[in-house]
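Engineer:
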Amino acid sequence: MDRKLKWRLIWLGVLVIVSLLTLAPTFAPGLVPPGLGGLFNQKIQLGLDLQGGLQIVYSVDLDKAVDDKASEIKRDLDDAFSEHGIDAEVKTPLTPIGAITIVAKDPALYDKIRSEFLADYDEILVDRPCPKVDEGALCLRVSSDYADRIKESALEQAIKTVRDRVNSRGIAEPS
Numbered sequence: 033m034d035r036k037l038k039w040r041l042i043w044l045g046v047l048v049i050v051s052l053l054t055l056a057p058t059f060a061p062g063l064v065p066p067g068l069g070g071l072f073n074q075k076i077q078l079g080l081d082l083q084g085g086l087q088i089v090y091s092v093d094l095d096k097a098v099d100d101k102a103s104e105i106k107r108d109l110d111d112a113f114s115e116h117g118i119d120a121e122v123k124t125p126l127t128p129i130g131a132i133t134i135v136a137k138d139p140a141l142y143d144k145i146r147s148e149f150l151a152d153y154d155e156i157l158v159d160r161p162c163p164k165v166d167e168g169a170l171c172l173r174v175s176s177d178y179a180d181r182i183k184e185s186a187l188e189q190a191i192k193t194v195r196d197r198v199n200s201r202g203i204a205e206p207s
């Protein structure tokens, strides 16, 4: 046998033995000889791909974001009505999404409410038909355009949050 080939085979054998001793604590802890335990005693930390991977499923309740905006407007109107002594109740019914109902004790207050309090929400709120339960009340909802902007913003924020969390763990590409 050629002398060069002989040395290559010896070095290949040494490399295979060292590799097996390095992998032994991870896959078969009892196979490491006691005398070599100090050199080859650490397990290899497997990445997520070798551990079976990681899958995180997030969902964003976009309708809830619109309802939250309606609730925020309700709180603002409640504060403004109590500050100005307006005797009206503001409700946020479950349907439709983003709905606000203002029930005043005196129907003459609706013009004042529209001109003084709802003027700030011209681009946000639109009229909607009132159900029979709230007939005679002022029924509004978050406009479709504004609701779409809220949903888009909520989705972008959710994606940013997921990316930040994934990147903080040291993984570069979320899917």
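Quick note: the sequence shown uses the working numbering, first residue 33, plus one each step.
C-beta: ideal position from N, C-alpha, C; glycine also.
How would you label F113, buried or exposed, when you count the other beta carbons within 10 angstroms and need 16 or more for buried?
Structural biologist: buried
Engineer: Which same chain residues, not among the five before or five after I182, have their C-beta less than 7 Å away from its C-beta?
Structural biologist: A97, V98 and K101
Engineer: Using a Cβ-Cβ cutoff of less than 8 Å, which residues in the same chain neighbour V48 once the five nearest sequence positions on both sides are dropped?
Structural biologist: none
Engineer: With burial defined as no fewer than 16 other Cβ atoms inside 10 Å of the residue's Cβ, what is the status of N199: buried or exposed?
Structural biologist: Exposed, because fewer than 16 other Cβ atoms sit within 10 Å of the Cβ of N199.
Engineer: I need the DSSP call for L52, collapsed to helix, strand or coil.
Structural biologist: In the three-state reduction of the DSSP assignment, L52 falls in the helix class.
Engineer: Using the beta-carbon count (16 or more within 10 Å), is T58 buried or exposed?
Structural biologist: Label assigned to T58: exposed.
Engineer: Distance, Cα to Cα, P206 vs A151?
Structural biologist: Because P206 sits at a pLDDT of 48, beneath the cut-off of 50, its placement in the model cannot be relied upon, and the following sentence gives the value as read from the coordinates. Inter-residue distance for P206 and A151 is about 43 Å (C-alpha atoms, whole angstroms).
Engineer: Would you call V122 buried or exposed, if buried means 16 or more other Cβ atoms sit within 10 Å of its Cβ?
Structural biologist: buried
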